[in-house]
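Colleague: Supplied in structure tokens, the structure appears directly below.
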Amino acid sequence: MLTGDIRNQVDQIWNAFWSGGVSNPLSVIEQITYLLFIKRLDDLHTLEENKAVNLGIPMDRRVFPDGKDDQGRDWSDLRWSRFKNFEARAMMDVVAERVFPFLRQLGEEGSSYGAHMRDARLGFSNAALLARAVDLLDKIPMDDRDTKGDLYEYMLGKIASAGQNGQFRTPRHIIKLMVEMTQPTAQDVICDPAAGTCGFLVAAGEYLRQHHPALFRDEKLRQHFHTGLFHGFDFDPTMLRIASMNMVLHGVENPDISYRDSLAQEHDADAGRYSLILANPPFAGSLDYEQTAKDLQQIVKTKKTELLFLALFLRLLKTGGRAAVIVPDGVLFGSSTAHKTLRELLVEKHKLEAVLKLPSGVFRPYAGVSTAILFFTKTGVGGTDHVWFYDLHADGFSLDDKRADLLPPEKQGPTPHAPLDDGEHAKNNLPDALARWFARDGAERANPRTAQSFCVPKADIAATGTYDLSLNRYKQVEHEAITHESPAAIMAELRALEAEISQGLSKLEAMLG
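In short: position in the sequence shown from 1, add 690, done, that's the numbering used here.
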């Protein structure tokens, strides 16, 4: 949890960049990311130095070379702990002319720290701004993992609050709800094929630290956590740098955060590799057939990105693997052949678990689209029994562009630190949704379809003929629910109504002579 003092320091850094001419929020966080990478390199080097001194052995891994470069300048000048004491102009010369080329060199050599630094450039020429930013970042306590992670999350939050590039950030409390509902394990292999800032992967890592702390006492599981558990793909180099730093600051040493155009590249290498997918992919567009991976077109013939991503998830998941993904409402009830085919595939060939409807204001101020979260398991042999529906009315924040807090922090999110009373539930449905999710195979089966949550048998979904998954399809009084008997019941009602109309017309004719 960030203290008010640390938040104020972060705000000062942010304001310093803005007043120094770096006005794009994404550029600000990118430049801060560079500086944090540079500081981390020095921390890693210092750690190796201390280990060598304590054990009385030579340094095993050097980040910075020993001695002087080919121009006779000390390599040690590239270290944060040294150049932070330089005068502003000298600091600018070292950072711009020596540190950044060194970062790019690390990237070309394939270093784990430099993998996303191949194109790193200092994005401003104001020496006073650099000195100010270095001074402010140096004052923030970065020894504690929680502080480092919260610090970076707070900075990332400023991207969304600035109203630009908000598509890269799914609200943190929605991410946490999805993670709590899918319950990641230490043996999982988790993927987000549209990773953005890696919010889903960060949340999954924090869940494991909280619920499975013993994994860090098992060498094999600890190694898996740091190198094999987390996989995030994006095709924006800036996002990859930010995402990689986000994971590092949350204590994941070497995650797989890599460049990939997920819908364009074939997936033979990692088909069936992942046991859990958490994602909020971009879904406001379409691609030409020629630009789309052929293996996805074999699952569903479409140009719609939201449908292609669902096909991608099925392709990447191993049998028994599960997914929690955000989709636009159109996926649930769209009438095209591709929409119907994909819904039928989820219901008949795999196990569709749940549809959780989100309020349309969740992604404001930058989008007001209606969305839902789909939960499903890849089986290849069916398994859908009942599908659980939940209509989320409130997420703890106002649903207008301001997204103001409706409750204090300790009563926010899916697992609040303080219990909610009945009135507060109306402002934050997330704890209720989480509790009811775990009762979906029990008490939830008895709920009427007018309730906030209820279950629909697979047969009722299949009976629509289009496998419609729209919540509104089923939020009707029970006798109007779509069942095998409904057509006959509806016809009987129509015949009775027809008879009443006929009698009324006869009486009217008699009155008129």
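The beta carbon of each residue, even a glycine, is placed where N, CA and C say it ideally should be.
1. Looking at the unbroken beta strand (DSSP E) that takes in residue 1070, where does it start and where does it end?
2. Residues in the same chain with beta-carbon distance under 8 Å from residue 984, minus the five sequence neighbours each way, listed in chain order, please.
3. Find out if the Cβ-Cβ distance for the pair residue 1109, residue 1061 is shorter than 8 Å.
4. First and last residue of the alpha helix (DSSP H) that includes residue 914?
5. In three-state DSSP terms, what is residue 856?
6. From this set, 906, 907, 846, which residue's C-alpha is nearest residue 932's C-alpha?
7. Given this structure, state the Cα-to-Cα distance separating residue 863 from residue 1103, to the nearest angstrom.
8. Is the CB-CB distance between residue 888 and residue 849 below 8 Å?
9. For residue 853, count neighbouring Cβ atoms within 10 angstroms of its own Cβ and tell me buried if that reaches 16, exposed if not.
10. What did DSSP end up calling residue 1118 once you bin it into helix, strand or coil?
11. Counting pairs of Cβ atoms below 8 Å between the region 739-746 and the region 821-836, do you hit three or more?
12. So, helix, strand or coil for residue 956, using DSSP?
13. Hey, residue 842 and residue 935 are a contact pair by Cβ (cut 8 Å); roughly how many whole angstroms apart?
14. For residue 1092, verify whether its CB is less than 7 Å away from any heavy atom of the ligand NAD.
15. Applying the 10 Å Cβ sphere with the 16-neighbour rule, what's the burial state of residue 651?
16. Rounded to the nearest angstrom, what separates residue 1204 and residue 1076 at their Cα positions?
17. Out of 1097, 770, 1154, 963, which has the shortest C-alpha to C-alpha gap to residue 820?
18. Look at residue 1009 and residue 1074 and say whether their C-beta atoms are less than 8 Å apart.
19. What three-state label does DSSP hand residue 971 in the structure shown?
20. For residue 947, report the span of its alpha helix (DSSP H) as first-last.
21. According to DSSP, simplified to helix, strand and coil, what is residue 992?
22. Cα separation between residue 834 and residue 902?
23. Count Cβ pairs between the region 1088-1099 and the region 1048-1057 that sit closer than 8 Å; are there 3 or more?
24. Along the chain, where does the beta strand (DSSP E) containing residue 923 start, and where does it finish?
25. Using a 10 Å radius around the Cβ and a threshold of 16 neighbouring Cβ atoms, would you call residue 1171 buried or exposed?
26. Under the three-state reduction of DSSP, which class applies to residue 1043: helix, strand or coil?
27. Indicate whether residue 883 and residue 971 have their beta-carbon atoms separated by less than 8 Å.
28. Fully enclosed by the region 1120-1152, which alpha helix (DSSP H) runs are 4 residues long or longer?
29. For the 8 Å Cβ check, are there 3 or more pairs between the region 1123-1141 and the region 1019-1030?
Modeller: For this structure:
1. Taking the first residue of the sequence shown as 1, we reach residue 1070 at position 380. Counting along the chain, residue 1070 falls outside any beta strand (DSSP E), and DSSP gives it neither H nor E.
2. In the sequence shown, residue 984 corresponds to position 294, counting from 1. Setting aside the 5 residues that flank it on each side, residue 984 is surrounded in the same chain by 956, each with a C-beta closer than 8 Å to its C-beta; the list follows chain order.
3. Counting from 1 along the sequence shown, the entry for residue 1109 is found at position 419. Counting from 1 along the sequence shown, the entry for residue 1061 is found at position 371. Not in contact: residue 1109 and residue 1061 (Cβ atoms no closer than 8 Å).
4. Looking up residue 914 in the sequence shown gives position 224. That run of the alpha helix (DSSP H) goes 909-917.
5. One-based indexing of the sequence shown puts residue 856 at position 166. With a pLDDT of only 42 at residue 856, under the threshold of 50, the placement of this residue in the model should not be trusted, and no figure is reported.
6. Within the sequence shown, numbered from 1, the residue matching residue 932 stands at position 242. Of the listed residues, the one whose Cα sits closest to residue 932 is 846.
7. If you number the sequence shown from 1, residue 863 lands on position 173. If you number the sequence shown from 1, residue 1103 lands on position 413. Cα to Cα, the separation comes out at about 5 Å.
8. Within the sequence shown, residue 888 is the residue found at index 198, counting from 1. Within the sequence shown, residue 849 is the residue found at index 159, counting from 1. Not in contact: residue 888 and residue 849 (Cβ atoms no closer than 8 Å).
9. Here the question's residue 853 lines up with position 163 in the sequence shown. Reliability of the predicted coordinates at residue 853 is poor, the pLDDT of 46 falling under 50, and no value is obtained from them.
10. As a first step, residue 1118 is located in the sequence shown; it is residue number 428 there, counting from the start. It is a strand residue.
11. By the C-beta criterion, the region 739-746 is judged not to be in contact with the region 821-836, since fewer than 3 inter-stretch pairs fall below 8 Å.
12. For this step, residue 956 is matched to residue 266 along the sequence shown. Taken through DSSP and simplified to helix, strand or coil, residue 956 comes out as coil.
13. As a position in the sequence shown, residue 842 is number 152, starting the count at 1. As a position in the sequence shown, residue 935 is number 245, starting the count at 1. The pair is a contact, with the Cβ atoms about 7 Å apart (cut-off 8 Å).
14. In the structure on display, the ligand NAD does not appear, and there are no ligands present to speak of.
15. The structure shown has nothing for residue 651, since the chain only spans 691 to 1203.
16. Nothing can be reported for residue 1204, as the shown portion of the chain is limited to 691 through 1203.
17. Position 130 of the sequence shown, counted from the first residue, corresponds to residue 820. It is 770.
18. The count along the sequence shown starts at 1 and reaches residue 1009 at position 319. The count along the sequence shown starts at 1 and reaches residue 1074 at position 384. Not in contact: residue 1009 and residue 1074 (Cβ atoms no closer than 8 Å).
19. Translated into the one-based positions of the sequence shown, residue 971 becomes position 281. Reduced to three states, the DSSP call for residue 971 is coil.
20. Position 257 of the sequence shown holds residue 947. Premise fails: residue 947 lies in the beta strand (DSSP E), 946-949, not in any alpha helix (DSSP H).
21. Residue mapping note: residue 992 aligns to position 302 of the sequence shown, counting from 1. Looking at residue 992 - three-state DSSP - the assignment turns out to be coil, as it is neither helix nor strand.
22. Walking along the sequence shown from the start, residue 834 turns up at place 144. Walking along the sequence shown from the start, residue 902 turns up at place 212. About 19 Å.
23. The region 1088-1099 is in contact with the region 1048-1057.
24. Start at 1 with the first residue of the sequence shown, and residue 923 comes out as number 233. 920-924 is the extent of the beta strand (DSSP E) around residue 923.
25. Here residue 1171 is taken as the residue at index 481 of the sequence shown, counted from 1. Here residue 1171 scores only 47 on pLDDT, less than 50, and its place in the model should not be relied on; the value that follows carries that caveat. Sixteen is the threshold: when 16 or more other Cβ atoms of the shown chains lie within 10 Å of the Cβ of residue 1171, as they do, the residue is buried.
26. Walking along the sequence shown from the start, residue 1043 turns up at place 353. In the structure shown, residue 1043 adopts extended strand secondary structure according to DSSP, grouped into three states.
27. Residue mapping note: residue 883 aligns to position 193 of the sequence shown, counting from 1. Residue mapping note: residue 971 aligns to position 281 of the sequence shown, counting from 1. In contact: residue 883 and residue 971 (Cβ atoms closer than 8 Å).
28. Complete alpha helix (DSSP H) runs here, min 4: 1120-1127, 1148-1152.
29. Contact annotation: the region 1123-1141 does not touch the region 1019-1030, with fewer than three C-beta pairs closer than 8 Å.
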